[in-house]
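> Before anything else, here's the structure in question.
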Amino acid sequence: MSDKRSRPDRSPPPLPSQLTPLAEAARLTSALTRIDQSLETAYAHWRAGQPAQASMLCEQVLQVAPLHAPALHLLGLMAHAEGNIADALRLLELTCAQPGASADFHSNNAEVSRQAGLLGRAQQAARKALALSPGHPAASCNLGIILQQAGQLDASAELLTAAAAAAPDNADVLNNLGNTRQLMGSLDEAMLSYAAAIERDPMHEAAYANLASLQLELGQFDAAAESARQVLDLNPQNIAAYLVLARLHAQRARIPGALREVDKLLSFSPACEEALRLRVDLLLDSGDLLAAEEAMQALPGPRQWRDHLLQARLYAMRGHDTQALAATGRARDAVARQEPVVSIAHAQALARTGQAEQACLDLGRLLDQVPSSATAWQALAELTGQALAPHDIDRLHAMREQGRQQGRGWRDSVALHRAWGHAMLAGGDGDAALAAYGMANALEARAHPFDAGQFAALVEHSIASWSLPATVARNHATDSPVFVLGMPHCGADLIRSMLCGGAFAGQDRYDLMGHILASLAQDQQPLASSLEIALELSDDDYAELAQYYLDCAAPTDDLVDACHVNSLLVGFIVRVFPAARFIVCRRDPVETCLAGYREPPGFGPAFPRALPELGVYHRRHERLVQHWTSHLPAGQLLEIDHARLLADPAQVAAQVAAFRGVPCRLPAHAQLALRRREAAALAAVLPSSPVLSVLREALREPHANGVTHDR
């Protein structure tokens, strides 16, 4: 080998000797060694969180070797980590264009391309990686995810299954196989894949998070909470785990707990859009519409379809159904590809504006394209009010059977069972309908358990603790709302429609009084505890609450509160609004309970979902309402019979107008027709079904004071 020296003269160099090629090779080897060492140092700097030093070393390498693939690759990874996606894509593309680019480089190019939404380029890069290194685990995972997002679920499952067989100890492959199986609706198989991934790698954060999410979907609440906590043990700032915990609380109607989990997440990730949207949803669930509106305005722009759906929900809760329909239309325009949740929301908004026939047509078209949408089946069965076509019955039956075989989310199972119940009831098969409702209610009861003892204590506490005025209060009468009382499905929606100009009015989901009462407590407490706190308030406190109620109700453009929870709160309501007026809706006890069994309320205090419990609940509810009606002055109380409301709505409308002192219109024709069909279908079940014997027995059971009901 020769050493490098300068020549003192300018004579031509001698002819190269036989050792010169060896010396050149040595110099080249030395240069390559220095490049490799520089790159090793660059990677060490990057892993240590020192990207500036790493970038400087890469640039030095590129000055010597301008198209050095490993240096370009590392620069591409650093650009991606810094959020410079365009630079990352350019550098990785240049990397992979070099001769000898490794499968790792192509695999990373595929993943960054996927994240940028370039699925065609991503798939091409992943396949190139697998061509260079068949069975490459990372490339297999990346291609599996790419195929997932492209909607090629069968191809994704086939690829990842083969990859898992080739590398059975690779937890990443198993985790992604679980994701694909979950998207395919094979939830039991997805559960096995996540469990296998965790078995191979007990520290696999993503597998634990995915397992927690799936357990929540299946209604395994305690297991989901435990899995989410295990994720947080691995990483206290795992976003997915906090979202699971928040949704778990929400599905169990523990809204304060859900909001706490979201706030924890936002404390370290304030720009997380999923958490910001979930917070809006939870505030709507809590009835705090003013805070929800403020949080909605703070969502980052531009508006996405999810944001339009949140706006539509706010409009609907305020009774602004035309604006809600427009908002769902904007969501439909903003969605890149068909999202069933958008189509369903638009159909429901159509129904609320009196266009139920068009809504059913739209839902039918959606189910032709996405027959697995459980929520669409339930919406169609509820809105049509009549028997489904035979081919729809067959498809709905197939969906229920598929859920039994593959596993299905608990809320989807509820929707399918309830849709089947509606279809059977409309077709005259009462026993099949009751059996389907029983399965739906059993699943819901796991999320919303009803405590009969706690409800009995609430009733007795209210009777003992809350006094009512002996005379009609005159002050602020024009500012006082009308409160409609009664169990669900006793006609409150029709009364509300009369008082709101004949507009279509579904069940009032805006529990404003419940929200105010809950805000008095520091945490998620039973309703009785909140009422106990309310007893200690002063007159000034109640005046402040009244003003807050009016401020919240102002955007609804009316002062009609038809929330079913009102029956439990009359004592509190009268303290807030001494001049409030009450319309009490009653219905035959068996029909009332059966209607609640068919469709329990989806919000408010826990509601029974078993027939015997419904009978007991009705008796105690009736005892409480009788207490209120026996103490309210005649001028503040009007009682309406459900059967008369359906048979002669004009007479009832005149009665309500005289009581309220304002003109009333007949309920929306489509709404009245739907309620009549539902009542007729339930009435057909009453004479024959032996299942209802337990309900009748519960209704006959005497109170402690000896009062009995014999229906």
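First residue of the sequence shown: 75, per our numbering; consecutive thereafter.
Ideal Cβ positions, reconstructed from N, Cα and C, are used throughout, including at glycine.
1) Please classify Pro-374 as buried or exposed, where buried requires at least 16 neighbouring CB atoms within 10 angstroms.
2) Can you list, in chain order, the residues of its chain whose CB lies under 7 Å from that of Asp-715, leaving out five sequence neighbours each side?
3) Who are the near neighbours of Val-247 in its chain, counting only those whose CB is closer than 7 Å to its CB and skipping five residues on each side?
4) Suppose you measure from the CA of Leu-609 to the CA of Trp-540; what does that come to, to the nearest Å?
5) What separation, rounded to the nearest whole angstrom, lies between the Cα atoms of Asp-161 and Asp-228?
6) According to the Cβ coordinates, are Ser-207 and Ala-177 closer than 7 Å?
7) Quick check on Glu-665: does DSSP put it in helix, strand or coil?
8) In the DSSP assignment, find the unbroken alpha helix (DSSP H) run with Trp-556 in it and report its ends.
9) Go through its chain and collect everything with a Cβ distance to Met-33's Cβ below 7 Å, but skip five positions before and after it.
10) In this structure, what does DSSP give as the bridge partners for Val-658?
11) Compute the beta-carbon to beta-carbon distance between Leu-339 and Val-318, rounded to the nearest angstrom, for a pair I have assumed lies under 8 Å.
12) When the Cα of Thr-630 is compared with those of Gly-259, Val-639, Arg-570 and Ala-602, which residue comes out closest?
13) Determine whether the beta carbon atoms of Ala-286 and Ala-270 lie at a separation below 7 Å.
14) List the residues that DSSP assigns as beta-bridge partners of Asp-635.
15) Classify Leu-831 as buried or exposed, calling it buried when 16 or more other Cβ atoms lie within 10 Å of its own Cβ.
16) What residues in its chain sit with their C-beta under 7 Å from that of Phe-163, if we drop five residues either side in the sequence?
17) Roughly how many whole angstroms lie between the Cα atoms of Asp-337 and Ala-143?
18) List in chain order: all unbroken alpha helix (DSSP H) runs of 4+ residues lying wholly within the segment 402-440.
19) Closest by CA to Pro-310, which one among Ala-372, Arg-328, Leu-706 and Ser-341?
20) Would you report the Cα separation of Ile-219 and Arg-195, rounded to the nearest angstrom?
21) When burial is assigned at 16 or more other CB atoms within 10 Å of the CB, is Asp-486 buried or exposed?
22) Tell me whether Leu-141 is buried or exposed, calling it buried when 16 or more other Cβ atoms sit within 10 Å of its Cβ.
23) Determine the direct distance from the alpha carbon of Ala-199 to that of Gly-788, and round the result to whole angstroms.
24) Drop a sphere of 10 angstroms on the beta-carbon of His-491, count the other beta-carbons inside from all chains shown, and report buried for 16 or more, exposed for fewer.
25) To the nearest angstrom, how far is it from the Cα of Phe-557 to the Cα of Glu-279?
26) Taking buried to mean at least 16 other C-beta atoms within 10 Å of its own C-beta, is Ala-772 buried or exposed?
27) Whole angstroms is fine: what's the gap from Asn-312's alpha carbon to Leu-306's?
28) Of all the options Ala-519, Gly-501 and Asp-503, which has the alpha carbon lying nearest to the alpha carbon of Val-488?
29) With DSSP collapsed to three states, give me the class of Ala-516.
30) So what's Trp-540 in DSSP terms, helix, strand or just coil?
31) When DSSP labels each residue in this structure, what does Asp-362 get in the three-state scheme?
32) Check whether the Cβ atoms of Asn-249 and Ala-281 lie closer than 7 Å to each other.
In short:
1) The residue you call residue 374 lines up with position 300 of the sequence shown. Pro-374 should be labelled exposed.
2) Indexing the sequence shown from 1 puts residue 715 at position 641. Cβ neighbours of Asp-715 beyond the five flanking positions: Arg-660.
3) Stepping through the sequence shown from its first residue, residue 247 is reached at position 173. Around Val-247: Pro-211, Ser-214, Cys-215, Leu-234, Ala-237, Ala-238 and Ala-241.
4) Sequence index remark: in the sequence shown, residue 609 carries index 535 (1-based). Sequence index remark: in the sequence shown, residue 540 carries index 466 (1-based). Cα to Cα, Leu-609 sits roughly 8 Å from Trp-540.
5) To locate residue 161, count along the sequence shown from 1; it is residue 87. To locate residue 228, count along the sequence shown from 1; it is residue 154. Near 33 Å, if we compare the C-alpha coordinates of Asp-228 and Asp-161.
6) Translated into positions along the sequence shown, residue 207 becomes position 133. Translated into positions along the sequence shown, residue 177 becomes position 103. Yes, the Cβ-Cβ distance between Ser-207 and Ala-177 is below 7 Å.
7) Here residue 665 is taken as the residue at index 591 of the sequence shown, counted from 1. Looking at Glu-665 - three-state DSSP - the assignment turns out to be helix.
8) Counting from 1 along the sequence shown, the entry for residue 556 is found at position 482. Trp is not the amino acid found at residue 556; the sequence shown has Val there. Taken as a continuous stretch (DSSP letters only), Val-556 belongs to no alpha helix (DSSP H), being part of the beta strand (DSSP E) at 556-559.
9) Here the chain covers residues 75 to 785 and nothing more, so residue 33 does not appear.
10) For the purposes of this step, residue 658 is identified with residue 584 of the sequence shown, where counting begins at 1. DSSP lists Leu-559 and Glu-713 as partners of Val-658.
11) The residue labelled residue 339 in the question sits at position 265 within the sequence shown. The residue labelled residue 318 in the question sits at position 244 within the sequence shown. Going by Cβ atoms, the distance from Leu-339 to Val-318 rounds to 11 Å, so no, they are not a contact pair.
12) Walking along the sequence shown from the start, residue 630 turns up at place 556. Considering only alpha carbons, the answer is Arg-570.
13) Start at 1 with the first residue of the sequence shown, and residue 286 comes out as number 212. Start at 1 with the first residue of the sequence shown, and residue 270 comes out as number 196. Contact flag unset, no.
14) Indexing the sequence shown from 1 puts residue 635 at position 561. Answer by DSSP bridge pairing, in chain order: Phe-557.
15) Nothing can be reported for residue 831, as the shown portion of the chain is limited to 75 through 785.
16) Walking along the sequence shown from the start, residue 163 turns up at place 89. Just to set this straight, residue 163 is Leu in the shown sequence, not Phe. Excluding positions up to five away in sequence, the list reads Val-186, Ser-187 and Ala-190.
17) Against the sequence shown, residue 337 aligns to sequence position 263. Against the sequence shown, residue 143 aligns to sequence position 69. C-alpha separation (whole angstroms): 44 Å.
18) 414-426
19) In the sequence shown, residue 310 corresponds to position 236, counting from 1. Looking at the Cα atoms, Ser-341 is the closest of the given residues.
20) As a working note, residue 219 is residue 145 in the sequence shown. As a working note, residue 195 is residue 121 in the sequence shown. Roughly 14 Å separates the two Cα atoms.
21) Numbered from its first residue, the sequence shown carries residue 486 at position 412. Classification for Asp-486: buried.
22) Counted from its first residue, the sequence shown places residue 141 at position 67. Burial call: exposed.
23) With the chain represented from 75 up to 785, any question about residue 788 goes unanswered, as that position is not in the structure.
24) Counting from one through the sequence shown, the residue named residue 491 turns up at place 417. Flag for His-491 reads buried.
25) Counting from one through the sequence shown, the residue named residue 557 turns up at place 483. Counting from one through the sequence shown, the residue named residue 279 turns up at place 205. Near 50 Å, if we compare the C-alpha coordinates of Glu-279 and Phe-557.
26) If you number the sequence shown from 1, residue 772 lands on position 698. Classification for Ala-772: buried.
27) As a first step, residue 312 is located in the sequence shown; it is residue number 238 there, counting from the start. As a first step, residue 306 is located in the sequence shown; it is residue number 232 there, counting from the start. The alpha-carbon atoms of Asn-312 and Leu-306 are separated by roughly 6 Å.
28) Numbered from its first residue, the sequence shown carries residue 488 at position 414. If we check each option's Cα against that of Val-488, Ala-519 comes out closest.
29) Counting from 1 along the sequence shown, the entry for residue 516 is found at position 442. Three-state DSSP puts Ala-516 in a helix.
30) By 1-based counting over the sequence shown, the position of residue 540 is 466. Three-state DSSP puts Trp-540 in coil, outside helix and strand.
31) The count along the sequence shown starts at 1 and reaches residue 362 at position 288. Residue state, collapsed to three classes: coil.
32) Locating residue 249 in the sequence shown gives position 175, where the first residue counts as 1. Locating residue 281 in the sequence shown gives position 207, where the first residue counts as 1. Against a cut-off of 7 Å, the Cβ pair of Ala-281 and Asn-249 comes out as a contact.
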